[in-house]
Structure formats: structure tokens, C-alpha cells
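**Student:** Residue numbering for the sequence shown is 1 to 172, as defined by full-length UniProt numbering. The beta carbon of each residue, even a glycine, is placed where N, CA and C say it ideally should be. Source: prediction; values computed, not measured.
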Amino acid sequence: MQSLVQRYNLNASDLTDVNATVVDENNMSATSMPQGVYDIQKIQDLYNSLYALGENSQQDALKVGCMVEVTDITDLDKYITQAQESNAADVEAAFNVLRDGSYRHYWAFDRALKNIGITNGCYYEGDTLLTNKEGIYPQEENGERYDENVSNNSQRNGNGQGYGYGRQQGRQ
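1) Please state if the CB of Leu-53 and the CB of Val-68 are separated by a distance shorter than 9 Å.
2) Cutting at 6 Å between CB atoms, please list the residues of its own chain near Asp-72, excluding the five before and the five after it.
3) Can you tell me whether Ile-80 is buried or exposed, with buried defined as 16 or more other CB within 10 angstroms of its CB?
4) Keeping to the same chain, check which residues put their C-beta closer than 8 Å to that of Val-37; ignore five residues upstream and five downstream.
5) Quick one: residues in its chain with C-beta nearer than 6 Å to the C-beta of Gly-65, no 5 flanking neighbours on either side, listed in chain order?
6) To the nearest angstrom, report how far apart Ala-112 and Asn-87 are at their CA atoms.
7) Can you tell which of Gln-59, Gln-84, Asp-90 and Pro-34 has its C-alpha closest to the C-alpha of Gly-117?
8) Count the other C-beta atoms from every protein chain shown that fall within 10 angstroms of the C-beta of Val-97, then say buried if there are 16 or more, exposed otherwise.
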């Protein structure tokens, strides 16, 4: 991960803040959690393949971002349905916040790809890795394309300009 942070000039402090919180809340030792190593082989294989793809180029790294967000959105949609069926409004609200964030990330990756000349952004004809299993963009339940401006209950927190740089000090 560190090589990707350096290669694409990302702000690694955002990543370490999250890691520190998880470690503190779970009484874990950060030294016992090497980066990029997972006990579940299926997750390890997925990490290895996505990491290798992301190292190829900025475009491929952005494509990996699209793939991860689509997976997150698809999973969160299922969890939101389960929470609704269980009348767990607090859990549903938490999942909705996470899904809103994933949508914002997805569209940021989409914009970043367009900014480097990839006309269709995250959507590649026939490339189901960048879309959900039905081969379409992440969507609202009504079938309309979800856009970053659709969600009224979320605020934009990033400082990126759509080039995939994320939050960086000194950039406005």
C-alpha cells in the first residue's frame, strides 16, 4: 500500500487515522496486523490481484477504486434490505451513510478517469468488474442513475479535484 501512496502522491495520514481507530477500539496490536496480509485466502487472493492491477498505471488504480466501490455498494444494498426487514432503523441509517460515502467515492473515481481521458469513466462496455453484477452503474432503487448530487443528506468532505489525489494539504 505504501508504494501506491507514494506513487500517486496520496495523503497516507487519512489511512493511518482509520487504522489507529480500529486498533484502539479492538485492543489490537498494529504490529500483529501486517499490511496486505489476510487470514482468509479468498480475501488475500482478491487483495493480491487488485493490488497488482492498481500498480500498473494510474488508470488501472482508478479502475480498482471503481471495482471496490461497486462491490461495497452492492453489499451495502443487501445489508440495508436486511436491516429494513429486521426493523433495525439505526443499523439501516449507518449503512445508508456508508453507502452514500461509497457513491461519492465511486463518482470521484469516475470523474478522475474522465479527467485523464477515459470518456466513459468507471463504465466500460462489457467490463462487469466496474459495474454491479447486472452490468450497470450503481443505481437507486427506482432505477435512475445515482449521481453525487442526488443525496441531500450527505455533505461533500473531500478536497480533491477529480484527479484521484484525495485530501492533500495545500490543495484547494
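**Tutor:** Let's see:
1) no
2) Ser-102
3) buried
4) Gln-44
5) Counting only Cβ-Cβ distances below 6 Å, and skipping sequence neighbours, we find Phe-109.
6) Roughly 38 Å between the two C-alpha positions.
7) The residue among Gln-59, Gln-84, Asp-90 and Pro-34 with its C-alpha nearest the C-alpha of Gly-117 is Gln-59.
8) It counts as exposed.
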